[in-house]
Amino acid sequence: MTESDSQEFQPPPPPEKIDAPETAQMSEIGTVTNIFIEPGKVFEDLNRKPRFLIAGILSIICMMIFQVAFIQKIGFEKIARARIESNKGMADMPKEQKETIIAQQTGPIAQTIGYVVLPVAMIIFFLIGGLLYWLGANALGGRATFGRGLAVWIYSGWPSAVLFLIANLLVLFLKDPADIDLTSTQQGLVQAGPAMLVGAKSQPVLHALLSAFDLFQIIGWVLAAIGLQKVAKLKAGSAWTVVILIALIGISLRVVGALIFG
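Pasting the structure below:
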């Protein structure tokens, strides 16, 4: 090889290093059960591979079990009548008009719609929540995707859904139906916070405000803050900022609803 040949020869560049995607270390069933005892590790695994289908379905099933049990024990007609009587706009209606509305709301079509609305509404709720966590985390410098935001939203609410179901079924089956205040059952029978001190009918706005600060909500907020730190790589302060701001949006909607509908 001549000197000129050695100067012209250039070694080939090293092959480009491609980082292999991290693989999940827990099964999806494992994440659903371990979220109760090791939430940090679960969210770390959800960062490796976002998953939310099983936890979302189980959360919907929990709410539907309570809905069916509640309706079967109380009855569609009694529930519809109580809601009409507690509604400011309908309380002064003529009796005949009230009975017509009750008949419409307790018919077979209305009952079917009532059962279908809950899962559909929860799916929409999941999607909006995941979107808000995704946008909020990225706005504060995090690295999130919609799938990861959705996973945090659903998994942070899953333990509360289980606790909600257990507590409310116990109250439902142990309490006399005549003693259940049907005007304050939109958030369940168990008031696990300061809302228990305020009547939903006498002070609807204050009750709506205080009902946001119950044990079920607080558990969800804590898990969401942990999840955003692990999944979106946010600092604790930024994660809590996202959680609190989104919680305030929900509280505002509750208060506005109480102002309008009573």
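Sequential numbering from 14 applies to the sequence shown in the working numbering.
Even for Gly, the Cβ is constructed at its ideal location relative to N, Cα and C.
For clarity, every value in this text was computed on a predicted model and none was experimentally measured.
Specify, as a first and last residue, the run of the alpha helix (DSSP H) that residue i falls within.
{"i": "Lys243", "result": "Leu228 to Val244"}
{"i": "Gln117", "result": "Lys108 to Gln118"}
{"i": "Val133", "result": "Pro121 to Ala152"}
{"i": "Phe281", "result": "Because the chain is modelled from 14 through 275, residue 281 falls outside the range shown and cannot be assessed."}
{"i": "Val211", "result": "From DSSP, Val211 is part of no alpha helix (DSSP H); its letter is neither H nor E."}
{"i": "Pro217", "result": "Pro217 to Leu223"}
Apart from the five residues on each side of it in sequence, which residues of its chain come closer than 8 Å, Cβ to Cβ, to residue i?
{"i": "Leu261", "result": "none"}
{"i": "Gly263", "result": "Ala225"}
{"i": "Ile115", "result": "Glu90, Ala93, Arg94 and Ile97"}
Using a Cβ-Cβ cut-off of 6 Å (strictly less than) and excluding sequence neighbours within five positions of residue i, which residues of its own chain qualify?
{"i": "Ile73", "result": "Pro132 and Met135"}
{"i": "Leu280", "result": "No answer is possible for residue 280: it lies beyond the span of the chain, which begins at 14 and ends at 275."}
{"i": "Ala157", "result": "Trp147, Ala150, Asn151 and Ala245"}
{"i": "Gly162", "result": "Gly143, Tyr146 and Trp147"}
{"i": "Val129", "result": "none"}
Can you look up residue i in the DSSP assignment and give me helix, strand or coil?
{"i": "Met39", "result": "coil"}
{"i": "Leu183", "result": "helix"}
{"i": "Thr158", "result": "coil"}
{"i": "Val203", "result": "coil"}
{"i": "Gly263", "result": "helix"}
{"i": "Val175", "result": "helix"}
{"i": "Lys86", "result": "helix"}
{"i": "Ile48", "result": "coil"}
{"i": "Phe65", "result": "coil"}
{"i": "Lys248", "result": "coil"}
{"i": "Ile193", "result": "coil"}
State yes or no: is the C-beta of residue i within less than 8 Å of the C-beta of residue j?
{"i": "Leu145", "j": "Ile259", "result": "yes"}
{"i": "Thr254", "j": "Leu148", "result": "no"}
{"i": "Cys75", "j": "Phe159", "result": "no"}
{"i": "Thr290", "j": "Arg64", "result": "Any question about residue 290 goes unanswered here, given that the chain covers just 14 to 275."}
{"i": "Gly240", "j": "Ser169", "result": "yes"}
{"i": "Leu66", "j": "Trp171", "result": "no"}
{"i": "Gly349", "j": "Trp166", "result": "The question about residue 349 has no answer, for the chain in this structure spans 14 to 275."}
{"i": "Ile92", "j": "Leu187", "result": "no"}
{"i": "Lys86", "j": "Leu185", "result": "yes"}
{"i": "Leu272", "j": "Val218", "result": "yes"}
{"i": "Gly270", "j": "Ala208", "result": "no"}
{"i": "Gly155", "j": "Leu236", "result": "no"}
If you drop the 5 nearest sequence neighbours on each side, which residues of the same chain put their C-beta closer than 7 Å to that of residue i?
{"i": "Ala123", "result": "Gln117"}
{"i": "Ala37", "result": "Asp58, Arg61 and Lys62"}
{"i": "Lys54", "result": "Asn47"}
{"i": "Ala180", "result": "Val203"}
{"i": "Lys243", "result": "Gly53, Phe56, Glu57 and Asn60"}
{"i": "Phe139", "result": "Gly69, Leu163, Trp166 and Ile167"}
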